[in-house]
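Reading through the C-alpha cells given below for one structure.
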Ligand code: GDP
Ligand code: MG
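In the UniProt record's numbering, the protein residues as written are 1 to 174.
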C-alpha cells in the first residue's frame, strides 16, 4: 500500500496577477475552498493560501500569493512575483482593457528574469457574455507560449483544471 507520507511534495510559489476586479481573489478562493465569494474582502487576498494538487508521481503544494488590492493604486513590486514557479494572469472576458493589462503582465514576467515561470492566462467571468475575441486571445497565448483557459470563479468552470495544468508544467525540483 502506498503511503501518502512517502510522496514527494514540492512547494511552489504561484502568483495571481491582473487588473483590479477581474476576479483574482475569487479564482484563488474557488480553487482553495471550492466556493464563490461574491464580494471578497480585500484582506482575504492578503492571507497566504496553500493548496495541494495530486499528480500521479508527486504532489505540488501551491503557495498562492494574491494581492490585497495594491494593483489598484500602483504597480506591484517585483518582489511580489520574484521566484514564482507559476503565475495566473487574469483578465475579465467582458472587459477588453483588462486583456491589454494581462498582456503587459505577461511581458513583465518574461522580461524580469522569471523565464522559468509557467504562465496561465485566465479569461475569467465566462459565465457572462464575452466582449474579448477568443481568436485574438488564443493567437496571443500560442505566440507567447502561455496556457489559456476560459474560467468562471462563479460557477467553477475550468478553475481546478487550470491549476492542475500548471502543476503538471512546473519544474519538479526543490
Ligand atoms: P480582484 O480584484 O481581481 O481580486 O477581483 P475579485 O475576485 O475581488 O472579483 C471582483 C468582482 O468580480 C466581484 O464582485 C466578484 O463577485 C466578481 N467576479 C469574480 N469572478 C467572477 C466570475 O467568474 N463571474 C462573475 N459573473 N463575476 C465574477
Ligand atoms: Mg483581490
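Even glycine gets a Cβ: it sits at the ideal position worked out from N, Cα and C. Note that this is a predicted model, so its numbers are computed, not measured.
{"Asked": "Identify the continuous beta strand (DSSP E) that holds residue 113 and give its terminal residues.", "Found": "Careful: residue 113 lies outside any beta strand (DSSP E) and carries neither H nor E."}
{"Asked": "Can you check which of these residues, 81, 114 and 27, is closest to residue 162 by C-alpha distance?", "Found": "27"}
{"Asked": "Among 96, 135 and 77, which residue has its Cα nearest to the Cα of residue 108?", "Found": "77"}
{"Asked": "Measuring only the C-alpha atoms, how far is residue 101 from residue 31?", "Found": "23 angstroms"}
{"Asked": "Within 8 angstroms, do at least three Cβ pairs link the segment 48-63 to the segment 133-153?", "Found": "no"}
{"Asked": "Okay, do the segment 134-141 and the segment 109-118 touch, 3+ Cβ pairs below 8 angstroms being the bar?", "Found": "no"}
{"Asked": "The alpha helix (DSSP H) that contains residue 50, what's its start and end?", "Found": "No alpha helix (DSSP H) holds residue 50; the beta strand (DSSP E) holding it covers 49-54."}
{"Asked": "Report buried or exposed for residue 152, applying the criterion of at least 16 other Cβ atoms within 10 angstroms of its Cβ.", "Found": "buried"}
{"Asked": "Quick test of your reading: residue 18 and residue 105, contact by CB under 8 angstroms. State the CB separation rounded to the nearest angstrom.", "Found": "7 angstroms"}
{"Asked": "Is residue 120 near the ligand GDP - that is, is its Cβ less than 7 angstroms away from at least one heavy atom of it?", "Found": "no"}
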